[in-house]
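Presented below is the structure to which this report refers.
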Amino acid sequence: MEKETQDQPAASRGKYLRRLRIPRFARPKRKPAAAEGRDPSTGVSNVRAAGQNRPAKGSNPAHWMTLQRGVYVEKPANPLSGTSPATPLTFGEMLDQKLFVEASRLLISREDRLFSRGSEEPGTGALWPPPGTHGDSGGGEEEGGKEEEEEDEDDVLQKDLEALLVHVWMAIHSTFTSPSSTSPSSTSSSSPSSSSSQEDLQLLQSAVSVIHQQEAQDRCWKEQEKEEEERGGGGSDDGEGGTGAGGEGGVGGGGGDEGGARLPVWRPLGCLETHRKLLATMVESRLNRAPVDDGEASKLSSAAKRELCGVGRRLKEDLLVVARKVSHCYPEELGVPKLYANLYHHAFARRMTELAQSRLGIDECIYLLLWVNDYYPNEILKHEELQAVFASAELGPLVPQDELQRLEDQYLTHKEGQVGGWLGSVLAIEQKRWQRGPEKVDHYWFSPLAVDTLQVVNRVVSEARSILSDQTKVQRFTAQLQPFLTSYRKALEDFARRKHDNSPAVMKANLVCIQQFRSFLEKEEDFLSGDQKVGLESSVRALEDLGYSALTCPIHLEIKAHYRLLWSGSWLARAGWVLDGLLESLDRELYFFTDLNPACRELLLGRLHEEFLVEYVRRMMKGKVMMRSKEEQEEAATLLCDHSNKIQAFFSEQGSSRVELLHLLTRISELLRLQDRESLKLEVAAMATHYPDLR
43 MEKETQDQPA
53 ASRGKYLRRL
63 RIPRFARPKR
73 KPAAAEGRDP
83 STGVSNVRAA
93 GQNRPAKGSN
103 PAHWMTLQRG
113 VYVEKPANPL
123 SGTSPATPLT
133 FGEMLDQKLF
143 VEASRLLISR
153 EDRLFSRGSE
163 EPGTGALWPP
173 PGTHGDSGGG
183 EEEGGKEEEE
193 EDEDDVLQKD
203 LEALLVHVWM
213 AIHSTFTSPS
223 STSPSSTSSS
233 SPSSSSSQED
243 LQLLQSAVSV
253 IHQQEAQDRC
263 WKEQEKEEEE
273 RGGGGSDDGE
283 GGTGAGGEGG
293 VGGGGGDEGG
303 ARLPVWRPLG
313 CLETHRKLLA
323 TMVESRLNRA
333 PVDDGEASKL
343 SSAAKRELCG
353 VGRRLKEDLL
363 VVARKVSHCY
373 PEELGVPKLY
383 ANLYHHAFAR
393 RMTELAQSRL
403 GIDECIYLLL
413 WVNDYYPNEI
423 LKHEELQAVF
433 ASAELGPLVP
443 QDELQRLEDQ
453 YLTHKEGQVG
463 GWLGSVLAIE
473 QKRWQRGPEK
483 VDHYWFSPLA
493 VDTLQVVNRV
503 VSEARSILSD
513 QTKVQRFTAQ
523 LQPFLTSYRK
533 ALEDFARRKH
543 DNSPAVMKAN
553 LVCIQQFRSF
563 LEKEEDFLSG
573 DQKVGLESSV
583 RALEDLGYSA
593 LTCPIHLEIK
603 AHYRLLWSGS
613 WLARAGWVLD
623 GLLESLDREL
633 YFFTDLNPAC
643 RELLLGRLHE
653 EFLVEYVRRM
663 MKGKVMMRSK
673 EEQEEAATLL
683 CDHSNKIQAF
693 FSEQGSSRVE
703 LLHLLTRISE
713 LLRLQDRESL
723 KLEVAAMATH
733 YPDLR
């Protein structure tokens, strides 16, 4: 942005304005003035600044240059004269040096004098100095030379204002890029990354100041026009001095008092509205030209995913520039960060909606849902530096709800089929593993079935939580566990029924899997529905019963001969050695469980402990031992207490933690001491409640 706008022809500037989608000023058609060069309606000379911009009579012509773009500038004094007056800059020099604020003040001063609006208008004193202090010197009434009259000063001022605003819009347009990339003469289509140098920010601040100055000038003209209307000094609707384009110069106010100000044809400029439209155009262009073939985007598998990644990354980078740098160049009351947030959000939403409505494959569908429900809300909206930018922004959904629902249903249907297939494959692999036998890990039989199954479920649920807007929809995946556990139980039953040589090892390995499923249900409650959890717990209990029964039933068969001796014949005389023999046989059977996982072995011993006591009591209640005297009853009760302690000590030593079973035989021994029939009935009923297996 060196001298291109000042030096380039009007056609080139117009081309740049069209590229930015900013309308140029309307050029009114002028009627030919009277022969003497005066406005027919007002009598004011068409050489409007002749008495203001030219040197006064009697001044030294050596100190003046000719009119440059409508402004006289003083020549430097002769260094030998001993005086060195300041040399005011011309408008063109101000643009060359990027002194936009000073150039704007100069044009406002010229506009005030040219259209007879006093400098004491409300709000102008704080924005620009009074007329004559910005490079315009001298006065007088001298009828100037032909050179000043060659170009109408209205057109000169309008062209200068247009040139200034081109530079202003270029500075705004360079918010995220280097100025050279946005110059009117630039033909590069490259898409520079978000960057703002210190020089760019200073130019941006100057451009914002110019916008404020011109907005204030708009307000001043509006207030003055309103005051003149209230005084009855407004122009008529017809005639050459009217407010329409048919009046000379296309300006209003010509029908009022002779000293009244005329409204310039370009007022109001509406710079703030143009600024807003320019930002919208910039944002759209920035996202349209987001790079898709570099960085992470280049690694993605499809064009749609690369486009989405590039646009999303560009949005984040640009908004970080806004938060870190650009926001400090604007007054807080303008809310420019909020404006940028809204523009980027809605532009991004339009791109997302376009993609959502296209025919997306499942990979593109998943990637888009990740952006909608995870990346954008968590990595952009909740970014520590961007939270303030989005705090008051009016954001809508990135994708319409019906489109979002359709995409999520597409994902759920696809993933449900995948999960069902994966779980079926896991079970098929496990069944093949049963045929050749399980493996040992750390000296214990182990099967990876539960690990593989739960990895599938956890991975899918974790992914779905980031992809889906409604977290309860993940239950469509966990629902696949119910048919899987049912198929698993049937396969295990069929294998156990065939009595393979490696059946004990397979059951020991699968007890580990079943315990892992139990732990999963106890921990993962947040994404399981109540009905799902009840159904899964029932399936796991059925698997536990199947697995532990497959290991304990052979033990009971081995010691069945010892069970038959309990509470039979001369029981009181031989009870001691019968129980000892029974426990010794049981100890030999338990030796084969040393390769069972310790946690599962503890559970198995607890079950075996309970089943042993139930069998003991059942034999006792069915026994034919007759106790005819109170002494025999006392002896039987004492013997029962002794057996209870022995059995409890045995199973505790083996690893059972069922200490509550100690009281079972003790309570039965108390029953033997009861002589009252009614009391006996009450105790039996109470025991049946505590130990339902005894019924």
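Everything in the sequence shown is counted per my numbering, starting at 43 for the first residue and increasing by one.
Built from N, CA and C at the ideal position, the CB exists for glycine as well.
Note that this is a predicted model, so its numbers are computed, not measured.
My output table needs one value for residue 482: the three-state DSSP class, helix, strand or coil. Here residue 482 corresponds to residue number 440 of the sequence shown, with the count starting at 1. Strand, per DSSP.
Once DSSP output is grouped into helix, strand and coil, what is the label at residue 609? Along the sequence shown, read from residue 1 onward, the residue named residue 609 stands at position 567. Under the three-state reduction of DSSP output, residue 609 falls in the coil class, being neither helix nor strand.
Count the other CB atoms, across all protein chains shown, that sit within 10 Å of the CB of residue 281; report buried if there are 16 or more and exposed otherwise. As a position in the sequence shown, residue 281 is number 239, starting the count at 1. Note that residue 281 scores a pLDDT of 40, beneath 50, so its modelled location is shaky and nothing firm can be said.
Once you ignore the five residues that flank residue 391 on each side, which residues in its own chain have a CB closer than 8 Å to its CB? Position 349 of the sequence shown, counted from the first residue, corresponds to residue 391. The residues are 438, 439, 440 and 441.
My assumption, with CB atoms under 8 Å, is that residue 321 sits in contact with residue 362. Please give the rounded CB distance. Stepping through the sequence shown from its first residue, residue 321 is reached at position 279. Stepping through the sequence shown from its first residue, residue 362 is reached at position 320. Incorrect: roughly 17 Å between the Cβ atoms, too far for contact.
Burial state of residue 374, where buried means 16 or more other Cβ atoms lie within 10 Å: Locating residue 374 in the sequence shown gives position 332, where the first residue counts as 1. The residue in question, residue 374, is exposed, as its Cβ has fewer than 16 Cβ neighbours within 10 Å.
Exposed or buried, which one is residue 576 when buried takes at least 16 other CB atoms within 10 Å? Counting from one through the sequence shown, the residue named residue 576 turns up at place 534. So residue 576 counts as exposed.
Residue 328 burial status per 10 Å Cβ neighbour count (16 or more: buried): Position 286 of the sequence shown, counting from 1, holds the residue named residue 328. Buried: at least 16 other Cβ atoms inside 10 Å.
Comparing the CB of residue 663 with every heavy atom of the ligand ZN, is any distance shorter than 7 Å? Only the bare structure without any ligand can be found here, which leaves the ligand ZN out of the picture.
Just the C-alpha distance for residue 495 and residue 609, rounded to the nearest angstrom, thanks. As a position in the sequence shown, residue 495 is number 453, starting the count at 1. As a position in the sequence shown, residue 609 is number 567, starting the count at 1. Computed Cα separation, rounded: 49 Å.
For the pair the stretch 652 to 667 and the stretch 507 to 514, tell me if three or more CB-CB distances fall below 8 Å. no
Provide the residue span of the alpha helix (DSSP H) that contains residue 308, from first to last. The residue you call residue 308 lines up with position 266 of the sequence shown. First-last for residue 308: undefined, no H or E at that position.
Given a cut-off of 8 Å, decide if residue 531 and residue 584 are closer than it, judged by their beta-carbon atoms. Mapped onto the sequence shown, residue 584 falls at position 542. Mapped onto the sequence shown, residue 531 falls at position 489. Yes, they are a contact pair.
Whether residue 256 touches residue 342 by CB criterion (8 Å): Sequence index remark: in the sequence shown, residue 256 carries index 214 (1-based). Sequence index remark: in the sequence shown, residue 342 carries index 300 (1-based). No, they are not a contact pair.
Going by beta carbon distance, what residues of the same chain come within less than 7 Å of residue 259, once the five residues before and after it are set aside? Here residue 259 refers to the residue found at position 217 when the sequence shown is read from its first residue. Excluding sequence neighbours, residue 259 sits near 150.
Distance, residue 418 Cα to residue 347 Cα: The residue given as residue 347 occupies position 305 in the sequence shown. The residue given as residue 418 occupies position 376 in the sequence shown. The alpha-carbon atoms of residue 347 and residue 418 are separated by roughly 15 Å.
If you pair each beta-carbon of the stretch 520 to 535 with each one of the stretch 579 to 597, do three or more pairs fall below 8 Å? With a cut-off of 8 Å, the stretch 579 to 597 and the stretch 520 to 535 count as touching, because enough Cβ pairs lie within range.
Can you give me the Cβ contacts of residue 369 inside the same chain, cut-off strictly under 6 Å, excluding the 5 residues immediately before and after it? Residue numbering aside, residue 369 sits at position 327 when the sequence shown is read from its first letter. Closer than 6 Å at Cβ, skipping near neighbours: 379.
Own chain, CB closer than 7 Å to residue 563, minus 5 neighbours either side, in chain order: For this step, residue 563 is matched to residue 521 along the sequence shown. Counting only Cβ-Cβ distances below 7 Å, and skipping sequence neighbours, we find 575, 578, 579 and 582.
Entirely enclosed alpha helix (DSSP H) segments - the stretch 324 to 398, minimum 4 residues: 345 to 366
Using only alpha-carbon positions, find the residue among 389, 318 and 274 that is nearest to residue 331. Taking the first residue of the sequence shown as position 1, residue 331 is located at position 289. It is 389.
Ordered along the chain, which non-local residues of its own chain (more than five positions away) have a Cβ less than 7 Å from that of residue 153? In the sequence shown, the residue the question calls residue 153 occupies position 111. When the five nearest sequence neighbours on each side are left out, the beta carbons in the same chain lying within less than 7 Å of the beta carbon of residue 153 are those of 199 and 306, in order along the chain.
According to DSSP, is residue 488 part of a helix, a strand, or is it coil? Stepping through the sequence shown from its first residue, residue 488 is reached at position 446. Note: residue 488 maps to strand in three-state DSSP.
Same chain only: Cβ atoms within 7 Å of residue 710, ignoring 5 sequence neighbours per side: Stepping through the sequence shown from its first residue, residue 710 is reached at position 668. Correct list, in chain order: 659 and 682.
Which same chain residues end up closer than 8 Å to residue 246 when comparing Cβ atoms and leaving out the 5 residues on each side of it in sequence? Within the sequence shown, the letter at position 204 stands for residue 246. Same-chain partners within the cutoff: 213, 214, 216, 217, 238, 368 and 371.
Got a sec, what are the start and stop residues for the alpha helix (DSSP H) residue 419 sits in? Reading the sequence shown from its first residue, position 377 is the one you call residue 419. Where residue 419 is concerned, there is no enclosing alpha helix (DSSP H), given that its DSSP letter is neither H nor E.
Kindly give me the distance between the Cβ atoms of residue 493 and residue 558, rounded to whole angstroms, as I take these residues to be in contact under 8 Å. The sequence position of residue 493 within the sequence shown is 451, counting from 1. The sequence position of residue 558 within the sequence shown is 516, counting from 1. Their Cβ separation, rounded to whole angstroms, is 7 Å, which keeps residue 493 and residue 558 in contact under 8 Å.
Contact belief for residue 519 with residue 457 at Cβ below 8 Å, rounded distance in angstroms: Residue numbering aside, residue 519 sits at position 477 when the sequence shown is read from its first letter. Residue numbering aside, residue 457 sits at position 415 when the sequence shown is read from its first letter. Correct: roughly 7 Å between the Cβ atoms.
Does residue 646 pass the burial test, meaning 16 or more other C-beta atoms within 10 Å, or should it be called exposed? Position 604 of the sequence shown, counting from 1, holds the residue named residue 646. Result: buried.
Which two residues bound the contiguous alpha helix (DSSP H) that contains residue 552? Residue numbering aside, residue 552 sits at position 510 when the sequence shown is read from its first letter. Where residue 552 is concerned, the enclosing alpha helix (DSSP H) stretches over 545 to 565.
Hey, would you say residue 479 sits closer than 8 Å to residue 547, going by beta carbons? One-based indexing of the sequence shown puts residue 479 at position 437. One-based indexing of the sequence shown puts residue 547 at position 505. In this structure, residue 547 lies closer than 8 Å to residue 479 by Cβ.
Given a cut-off of 8 Å, decide if residue 619 and residue 665 are closer than it, judged by their beta-carbon atoms. Within the sequence shown, residue 665 is the residue found at index 623, counting from 1. Within the sequence shown, residue 619 is the residue found at index 577, counting from 1. Between residue 665 and residue 619, the gap from beta carbon to beta carbon reaches 8 Å or more.
Cβ-Cβ distance between residue 410 and residue 402 below 8 Å: By one-based count along the sequence shown, residue 410 stands at place 368. By one-based count along the sequence shown, residue 402 stands at place 360. Cβ atoms of residue 410 and residue 402: closer than 8 Å.
Beta-carbon proximity list for residue 524, same chain, < 8 Å, skipping 5 on both sides: Residue 524 sits at position 482 when you count from the first residue of the sequence shown. Excluding positions up to five away in sequence, the list reads 574, 577, 578 and 581.
Nearest-angstrom Cβ-Cβ length linking residue 432 and residue 383, presumed shorter than 8 Å: Working through the sequence shown from its first residue, we reach residue 432 at position 390. Working through the sequence shown from its first residue, we reach residue 383 at position 341. Between residue 383 and residue 432 the Cβ distance is about 5 Å, and since that is below 8 Å, they are a contact.
Cβ neighbour criterion (16 or more within 10 Å) applied to residue 451: Counting from one through the sequence shown, the residue named residue 451 turns up at place 409. With fewer than 16 other Cβ atoms within 10 Å, it is exposed.
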